[in-house]
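Student: Each step along the sequence shown adds one to the number in this note's numbering, with nothing skipped, and position 586 is 599.
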Amino acid sequence: MLRESSSARDRDIDATTAAGPRIAEDTTGAAGLPPTAAPTSPADADRALVCIDTDVSLAGDPAREWLVVTRAGLTVQVEPPPGPATPIRRIGWAAISKVRTTAGLGGGTLQVRVDGGWIDVVRYSNAFAGRFHKVSRALERHREGAAGDIAIDGPLDPPRCPSCDLRLETADDSCPRCLQKGQILRRVGELLAPYSRGAVLLVVLTFLGVVAELVPPKLQQYMVDRILSARTDDPGGTALPDFRTALLLVVLALAFSRVLLSAVGVLKGRLATAIGTGITATLRDAMVRKLQELSVAYYDRHQVGSMISRVAHDSEVLHGLVHQFTGGFLLQIVQLVAVGGMLVWINPKLALYTLIPVPLVVLGSWIFWKHVYPKHYRLWDASSKQMSRLSGMLSGIRVVKAFAQEPREQGRFHESSDHLRQWRQWVEHTNTTYAASMQIVFSLGGLIVWYVGGRDVIGGDMTLGQLIAFLAYLAMFYAPLGALSHFTTWLTSFLSGSKRVLELLDTPAMVTEPANPEPWNDVRGEIRFDNVTFGYDRNQPVLHDVSFTVRPGEMVGIVGRSGSGKTTLVNLLARFHDVQEGTISVDGIDVRRLATRDLRGRLGIVFQDSYLFRGTIWKNLAYGRPEATIEEGLAAAKAAGAHDFLCRQPLAYETLLGERGAGLSGGEKQRLSIARTLLYDPRILVLDEATSSIDAEAERAIQEALAVLVRGRTTIAIAHRLSTLRNADRILVFDRGRLAEEGSHAALLESDGIYARLVRIQTQVSKQPTIDTLLVEEPEPVGGAADGRSASGIEWLEPGRHRFVVGDHGRIEMESVDGPAARGVFVLRTFPASHPESYLSVRGWEEDGEEVELGMIRTLADWDEAGRTIVLEALRRSALVRRIDRVHAVRLAHGYLDFDVETDVGRRGFTTRWTQSQAVDFGDEGKLLLDTEENRWVIPRVDALPKADRERFLQYVYW
Numbered sequence: 014m015l016r017e018s019s020s021a022r023d024r025d026i027d028a029t030t031a032a033g034p035r036i037a038e039d040t041t042g043a044a045g046l047p048p049t050a051a052p053t054s055p056a057d058a059d060r061a062l063v064c065i066d067t068d069v070s071l072a073g074d075p076a077r078e079w080l081v082v083t084r085a086g087l088t089v090q091v092e093p094p095p096g097p098a099t100p101i102r103r104i105g106w107a108a109i110s111k112v113r114t115t116a117g118l119g120g121g122t123l124q125v126r127v128d129g130g131w132i133d134v135v136r137y138s139n140a141f142a143g144r145f146h147k148v149s150r151a152l153e154r155h156r157e158g159a160a161g162d163i164a165i166d167g168p169l170d171p172p173r174c175p176s177c178d179l180r181l182e183t184a185d186d187s188c189p190r191c192l193q194k195g196q197i198l199r200r201v202g203e204l205l206a207p208y209s210r211g212a213v214l215l216v217v218l219t220f221l222g223v224v225a226e227l228v229p230p231k232l233q234q235y236m237v238d239r240i241l242s243a244r245t246d247d248p249g250g251t252a253l254p255d256f257r258t259a260l261l262l263v264v265l266a267l268a269f270s271r272v273l274l275s276a277v278g279v280l281k282g283r284l285a286t287a288i289g290t291g292i293t294a295t296l297r298d299a300m301v302r303k304l305q306e307l308s309v310a311y312y313d314r315h316q317v318g319s320m321i322s323r324v325a326h327d328s329e330v331l332h333g334l335v336h337q338f339t340g341g342f343l344l345q346i347v348q349l350v351a352v353g354g355m356l357v358w359i360n361p362k363l364a365l366y367t368l369i370p371v372p373l374v375v376l377g378s379w380i381f382w383k384h385v386y387p388k389h390y391r392l393w394d395a396s397s398k399q400m401s402r403l404s405g406m407l408s409g410i411r412v413v414k415a416f417a418q419e420p421r422e423q424g425r426f427h428e429s430s431d432h433l434r435q436w437r438q439w440v441e442h443t444n445t446t447y448a449a450s451m452q453i454v455f456s457l458g459g460l461i462v463w464y465v466g467g468r469d470v471i472g473g474d475m476t477l478g479q480l481i482a483f484l485a486y487l488a489m490f491y492a493p494l495g496a497l498s499h500f501t502t503w504l505t506s507f508l509s510g511s512k513r514v515l516e517l518l519d520t521p522a523m524v525t526e527p528a529n530p531e532p533w534n535d536v537r538g539e540i541r542f543d544n545v546t547f548g549y550d551r552n553q554p555v556l557h558d559v560s561f562t563v564r565p566g567e568m569v570g571i572v573g574r575s576g577s578g579k580t581t582l583v584n585l586l587a588r589f590h591d592v593q594e595g596t597i598s599v600d601g602i603d604v605r606r607l608a609t610r611d612l613r614g615r616l617g618i619v620f621q622d623s624y625l626f627r628g629t630i631w632k633n634l635a636y637g638r639p640e641a642t643i644e645e646g647l648a649a650a651k652a653a654g655a656h657d658f659l660c661r662q663p664l665a666y667e668t669l670l671g672e673r674g675a676g677l678s679g680g681e682k683q684r685l686s687i688a689r690t691l692l693y694d695p696r697i698l699v700l701d702e703a704t705s706s707i708d709a710e711a712e713r714a715i716q717e718a719l720a721v722l723v724r725g726r727t728t729i730a731i732a733h734r735l736s737t738l739r740n741a742d743r744i745l746v747f748d749r750g751r752l753a754e755e756g757s758h759a760a761l762l763e764s765d766g767i768y769a770r771l772v773r774i775q776t777q778v779s780k781q782p783t784i785d786t787l788l789v790e791e792p793e794p795v796g797g798a799a800d801g802r803s804a805s806g807i808e809w810l811e812p813g814r815h816r817f818v819v820g821d822h823g824r825i826e827m828e829s830v831d832g833p834a835a836r837g838v839f840v841l842r843t844f845p846a847s848h849p850e851s852y853l854s855v856r857g858w859e860e861d862g863e864e865v866e867l868g869m870i871r872t873l874a875d876w877d878e879a880g881r882t883i884v885l886e887a888l889r890r891s892a893l894v895r896r897i898d899r900v901h902a903v904r905l906a907h908g909y910l911d912f913d914v915e916t917d918v919g920r921r922g923f924t925t926r927w928t929q930s931q932a933v934d935f936g937d938e939g940k941l942l943l944d945t946e947e948n949r950w951v952i953p954r955v956d957a958l959p960k961a962d963r964e965r966f967l968q969y970v971y972w
């Protein structure tokens with residue numbers, strides 16, 4: 014409660030006014046409220062500019078309170094049922110110095126700043142958070158002097174489903190809650206539409222198969238009643254030849270029907286497999302395409318294991334549906350109708366007895382459906398959680414081992430595994446009990462038919478052949494009926510899986526492609542943020558009204574505390590997320606009007622956490638530009654300070670990296686990531702903590718290269734290490750999601766604000782004595798390039814200017830017209846599989862023992878015979894790998910492969926473990942084998958082996 018005061022300012026704050034504005038008849042001028050009863054006053058000063066309701070009181074109790082905004086100030090009124098609205102607090106504009114919203118758990122509060130302190134005006138739940146964020150910003154603009162009525166951007170509340178009132182992201186989204194089972198089947202039918210011709214052929218084959226199955230029992234009846242029984246009635250055997258001929262014809266007819274049935278089954282199975290696998294592949298492609306379209310926000314909210322489970326397992330549901338139509342549901346329905354007709358034809362009375370189990374089957378299926386269907390979703394959820402748990406443990410295995418938490422992770426996995434076991438056990442027990450119950454029901458029907466039918470045969474009302482045929486058809490009748498009783502089991506799994514698939518396919522893309530993207534041809538690189546507000550949780554903004562401009566070719570540094578919104582700027586610029594308010598434009602074009610491919614094709618980002626894919630180093634380097642030449646890639650790697658350590662990898666640029674770049678250190682992965690971005694050659698370069706994982710010496714080399722590479726391109730550099738910003742034209746300082754300071758390094762130091770405090774902190778912990786040393790000191794050349802070689806470029810050796818000779822003690826030397834000879838040089842292949850005699854790195858040693866590259870040979874064919882001979886000898890000395898030309902034998906024994914091969918040095922034998930890690934790709938067509946002694950054996954091209962040798966090899970090494 015605010016205290017009473019006689020001052021003018023205190024008179025603007027009235028917390029307990031008894032008489033308030035009356036309820037107006039016409040409130041169409043009030044923003045955010047339909048033309049219904051709303052509090053207002055006839056005076057112009059009290060005319061309602063905004064009337065908006067909330068759902069809770071300041072105490073958090075359910076209540077309907079109104080925030081009424083007039084030219085005089087803010088009034089909060091409560092609307093007790095029934096009766097007019099009653100004012101409970103009023104604050105004049107003169108007392109308010111700021112308006113904001115604050116987020117809390119489950120809701121938020123609209124606050125105003127008065128006399129240096131914050132006052133709660135109204136409280137709201139998260140359902141109303143969006144509207145109050147917009148109102149808050151509109152009120153702040155009005156407080157700052159915006160003339161006229163208060164304008165609120167866009168609709169106050171998000172769209173909702175008209176049927177169930179579920180909140181949707183966009184008005185065009187389909188409601189997952191209203192996705193009923195019938196709609197699921199309709200949507201699945203749409204997915205099957207491209208395969209309709211094949212489906213029709215399957216139906217035809219299914220009918221043909223059923224007809225073929227109906228023939229044998231009637232032939233058996235004919236054989237018993239007309240041949241075998243007639244032979245018994247003719248003991249003299251006068252008609253014996255006719256009986257034998259008839260018997261032979263019947264047996265041949267039975268054989269033909271069996272052959273026809275088998276042929277139909279084979280054709281039907283192959284066609285069903287072709288359609289099923291095709292549909293599954295198409296569906297998986299669609300799901301992965303959808304995952305690619307979804308914004309990063311989707312991945313923030315969903316577990317990776319759950320997404321993998323949907324793509325890998327749930328996509329199989331349509332394959333199962335095809336088999337249900339061919340060997341399941343459709344076949345059983347057709348067979349049930351056809352066989353039922355045959356039963357009625359043979360004996361209508363006895364056919365009625367066969368229907369006794371049907372009501373029990375229907376009742377059991379309904380009970381099963383009601384109780385088991387909900388549990389299938391829980392079973393899937395438990396399975397996906399176990400997969401996510403395992404994926405997280407394996408991804409972070411180094412952290413697990415570093416903290417000795419193996420028992421803890423094992424316990425957590427056991428917990429999820431036991432949870433899955435319980436649900437699977439419940440479902441399987443239910444299935445088993447249900448199946449056993451149905452078996453008893455069908456046995457009861459069969460026993461009744463045996464008794465009634467046997468009695469009719471004894472009484473002469475039915476022939477033996479008819480009974481035998483009826484029993485054969487009875488088995489054919491109960492088989493599909495029993496299968497249909499299990500149909501509910503499949504249907505529950507099918508519907509739950511289909512629902513998960515359709516949930517993914519129907520997930521709205523938060524970042525959508527423009528219908529008519531605007532061309533971006535004249536790329537200058539200007540970036541403009543205009544009143545940008547954004548929050549990963551829409552109720553908790555991370556950025557608040559951020560505005561700044563980066564001029565073309567300018568390098569702007571961004572600093573701030575962790576969580577101040579620096580990386581969020583990058584996410585919004587690249588449209589990983591879309592702004593919730595405001596605009597981001599490049600060269601005057603809103604990024605939302607650009608095709609994302611055009612935008613990101615001109616935007617290069619080096620992330621704080623570099624990610625490398627499983628594959629060769631070169632494929633990771635050229636990921637953004639697969640068409641890049643090798644020389645361009647080498648130059649980018651050299652500029653990023655990555656070339657030297659990449660050359661030292663076992664296969665240099667063709668070395669296979671593991672998941673997330675396993676095989677490289679953190680700093681090496683970061684430098685390779687920088688090289689990947691430089692090769693991408695973007696017009697706008699973004700460095701998000703680009704040197705966070707790099708040592709000081711490597712950072713100097715990269716800074717030297719970046720100082721040249723950023724020229725002529727717009728660069729945004731986000732950094733904690735302020736030394737990264739030594740070349741920045743301007744520095745933006747962010748604090749708590751707002752642009753707090755802006756200016757040059759000197760100007761910001763002089764202002765003695767947040768930036769100056771950060772500088773003082775880093776100066777105290779840095780080895781450099783002053784901030785000027787930290788930011789201005791030029792890096793020294795790295796690598797001891799005594800002959801003037803640049804750290805950011807490749808020096809290509811030329812045959813006319815360089816010569817290789819063999820010196821004393823067989824030492825290889827390189828002579829140059831530009832300087833002294835280099836002694837003790839050695840040569841490495843940078844692309845040993847694809848270009849074994851091109852792009853060769855000639856290397857030597859400095860006095861301190863540091864390895865250094867002297868230059869590179871483009872292609873060995875350009876050199877004379879003597880030079881080629883010496884270089885080839887140097888290559889043989891640098892790598893000891895045996896080339897396999899023939900594979901005579903491969904034997905598998907106890908998990909080991911024994912090879913008998915012909916190599917470049919004669920016939921040899923070796924043993925390797927039978928695992929993928931011991932036989933890795935050598936380029937695109939070869940294999941590199943590692944034996945138990947860690948020796949290397951290479952097959953340059955597997956398809957170049959003789960056919961028998963190739964099949965012998967691929968029988969065991971097939972990955």
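The beta carbon of each residue, even a glycine, is placed where N, CA and C say it ideally should be. Just so we're clear, the structure is a prediction, and the values are computed from it rather than from any experiment.
For Leu659, which residues in the same chain have their Cβ closer than 7 Å to its Cβ, ignoring the five residues on either side in sequence?
Tutor: Ile630, Ala650, Ala665, Tyr666
Student: Pull up the DSSP beta-bridge partners for Lys940, would you.
Tutor: Asp934, Ile952
Student: Of the choices Ser408, Asp657, Pro565, whose alpha-carbon is the least far from that of Val317?
Tutor: Ser408
Student: Is the separation between the beta-carbon of Leu873 and that of Val884 shorter than 8 Å?
Tutor: Yes.
Student: Just to confirm my understanding: we take Phe141, look at its own chain, exclude 5 residues before and 5 after, and list those with CB closer than 7 Å. What are they?
Tutor: Within the same chain, Phe141 has close Cβ partners Thr67, Asp68.
Student: With respect to the alpha helix (DSSP H) encompassing Arg610, which residues constitute its N-terminal and C-terminal limits?
Tutor: 609–614
Student: Excluding five sequence neighbours on each side, which residues of the same chain lie with their C-beta closer than 6 Å to the C-beta of Leu888?
Tutor: Val840
Student: Tell me the DSSP secondary structure of Asn529 in three-state form.
Tutor: coil
Student: Would you grab the beta carbon distance between Asp956 and Trp950 for me? Rounded to a whole angstrom, and I think it's under 8 Å.
Tutor: That pair is no contact at about 17 Å.
Student: Going by other Cβ atoms of all chains shown within 10 Å of its Cβ, with 16 needed for buried, is Arg920 buried or exposed?
Tutor: exposed
Student: How would you write the range of the beta strand (DSSP E) that Pro833 sits in, first residue to last?
Tutor: 832–836
Student: Flag this pair as touching only if the segment 539–546 and the segment 591–606 have three or more C-beta atom pairs under 8 Å; answer yes or no.
Tutor: yes
Student: Which class does Val884 belong to by DSSP, given the choice of helix, strand or coil?
Tutor: helix
Student: Classify Ser678 as buried or exposed, calling it buried when 16 or more other Cβ atoms lie within 10 Å of its own Cβ.
Tutor: By the beta-carbon neighbour count (other beta carbons within 10 angstroms, threshold 16), Ser678 is exposed.
Student: Leaving out five residues on either side along the sequence, give the residues of the same chain with a beta carbon under 7 Å from the beta carbon of Leu304.
Tutor: Met320
Student: Is the Cβ-Cβ distance between Leu515 and Arg200 less than 8 Å?
Tutor: yes
Student: For a quick check, are the C-beta atoms of Val330 and Arg297 less than 8 Å apart?
Tutor: no
Student: Starting from Val569, trace the beta strand (DSSP E) both ways and give me its first and last residue.
Tutor: 568–573
Student: Could you check whether the segment 809–819 touches the segment 827–837, counting it as contact only if at least three pairs of C-beta atoms, one from each stretch, sit closer than 8 Å?
Tutor: yes
Student: Can you list, in chain order, the residues of its chain whose CB lies under 6 Å from that of Trp436, leaving out five sequence neighbours each side?
Tutor: Arg391, Leu392, Ala395
Student: Are Met489 and Gln337 close, meaning C-beta to C-beta below 8 Å?
Tutor: no
Student: Helix or strand or just coil, what does DSSP make of Ile288?
Tutor: helix
Student: Under a three-way DSSP split, which group does Val536 fall into?
Tutor: coil
Student: Using CA atoms only, rank isn't needed, just tell me which of Ala635, Asp701, Ala587 is closest to Ser623.
Tutor: Cα-wise, what sits closest to Ser623 is Asp701.
Student: Figure out for me which residue from Gly548, Tyr491, Gly614 has the closest Cα to the Cα of Gly538.
Tutor: Gly614
Student: Under three-state DSSP, which class holds Ser396?
Tutor: helix
Student: Could you check the C-alpha separation between Gly862 and Gly646 for me, to the nearest Å?
Tutor: 28 Å
Student: Helix, strand or coil for Ser636? Go by DSSP, reduced to three states.
Tutor: The sequence shown places Tyr at residue 636, rather than the Ser named in the question. Of the three classes helix, strand and coil, the one that applies to Tyr636 here is coil, per DSSP.
Student: Straight-line CA distance for Pro229 to Ile346?
Tutor: 20 Å
Student: Can you list, in chain order, the residues of its chain whose CB lies under 7 Å from that of Thr293, leaving out five sequence neighbours each side?
Tutor: Ser328, Glu329, Leu331, His332
Student: In the DSSP assignment, the alpha helix (DSSP H) including Gly73 goes from what residue to what residue?
Tutor: No residue range can be given for Gly73, since it is assigned to no alpha helix (DSSP H) and is classified by DSSP as neither H nor E.
Student: In or out: Arg173 buried (at least 16 other Cβ within 10 Å) or exposed?
Tutor: exposed
Student: Select from Thr122, Leu585, Gly637 the residue whose C-alpha is nearest the C-alpha of Ser70.
Tutor: Thr122
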